[in-house]
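Have a look at the structure below, then the notes.
Structure representation (structure tokens):
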């Protein structure tokens, strides 16, 4: 087992009286790719949002690269500096150019000079295959291009872990593959990734571990070969039978 990049031990979260995460135990090794799937409202997105403190957990332990996530500002900043996040909605600054979106974080959080940040931004724009879009604003790009900019923005921080929260769900069907292709390449290069997605073809191709959630609980985990061929729980079999028909 590689060193743990992320550990979640007995993690619980409530929204008021609603128990959204129930005793979540999850370990992600360095370089491992984990795909989380499950029906809407099962807690998938809340899991990844808790890892970089966009949501706070009320019980249990979360560690990223041996740093425990607490309410302390230093703990949150340390973890966010190592964990990149790509959202459903691209969350780009619409009034800034692509280049400005990509250089803001490295200059503010990493202390890079403008020249260093721009050199890094060009590297990662080439990496996601849109180097020619650097001076455009997000509104001038397609949805697929905007999501690739969002991935490049995360890569510019050179994180140890990338979290993806349904990164293709807001895209038109013809744009999904261009984003998934980039994510497959990142996986093949050994990036530690947790991906919340319904794209089961992608999951079969890149996941080391599948995680099926329902009603705030992890119901089933396993390698894709076992998960898709012989799911153990009736709830998982029902979910897969529906999603694989589409």
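Residue numbers (the working numbering): -14 to 231. C-beta: ideal position from N, C-alpha, C; glycine also.
Residue nearest to residue 127 in terms of C-alpha spacing, selected from 141, 144, 99 and 161: 161
Roughly how far, in whole angstroms, is the beta-carbon of residue 46 from the beta-carbon of residue -6, given that I think they are within contact range, below 8 angstroms? Cβ atoms of residue 46 and residue -6 come within 8 angstroms of each other, at about 4 angstroms.
To which residues does DSSP link residue 230 through a beta bridge? The partner list for residue 230 (beta bridge, DSSP) is empty, contrary to what the question assumes.
Check this for me: beta carbons of residue 97 and residue 138, under 8 angstroms apart or not? no
Straight-line gap, residue 148 to residue 192 (C-alpha atoms, nearest Å): 13 angstroms
C-alpha distance - residue 153 paired with residue 165, whole-angstrom precision: 8 angstroms
Between residue -3 and residue 34, what straight-line distance do the alpha-carbon atoms span, to the nearest angstrom? 13 angstroms
Reference residue 198; option with closest CA among 3, 27, 11 and 2: Nearest of 3, 27, 11 and 2 to residue 198, Cα basis: 27.
Where does residue 168 sit, in a helix, a strand or coil, going by DSSP? Assignment of residue 168 by DSSP, reduced to helix, strand and coil, places it in the helix class.
Of the choices 101, 55 and 49, whose alpha-carbon is the least far from that of residue 43? 55
Curious, which full-length alpha helix (DSSP H) runs of at least 4 residues does the region 20 to 80 contain? 29 to 36 and 58 to 67
Look at the alpha carbon of residue 58 and the alpha carbon of residue 102, and state the distance between them as a whole number of angstroms. Taking the straight line joining both Cα atoms gives about 25 angstroms.
Cβ contact check for the region 63 to 80 and the region 114 to 127: 3 or more pairs under 8 angstroms: Touching, yes.
Rounded straight-line distance, which links the Cα of residue 99 to that of residue 201: 43 angstroms
Burial state of residue 229 (16 or more Cβ within 10 Å): exposed
Considering only DSSP beta bridges, list what residue 194 is partnered with. 19
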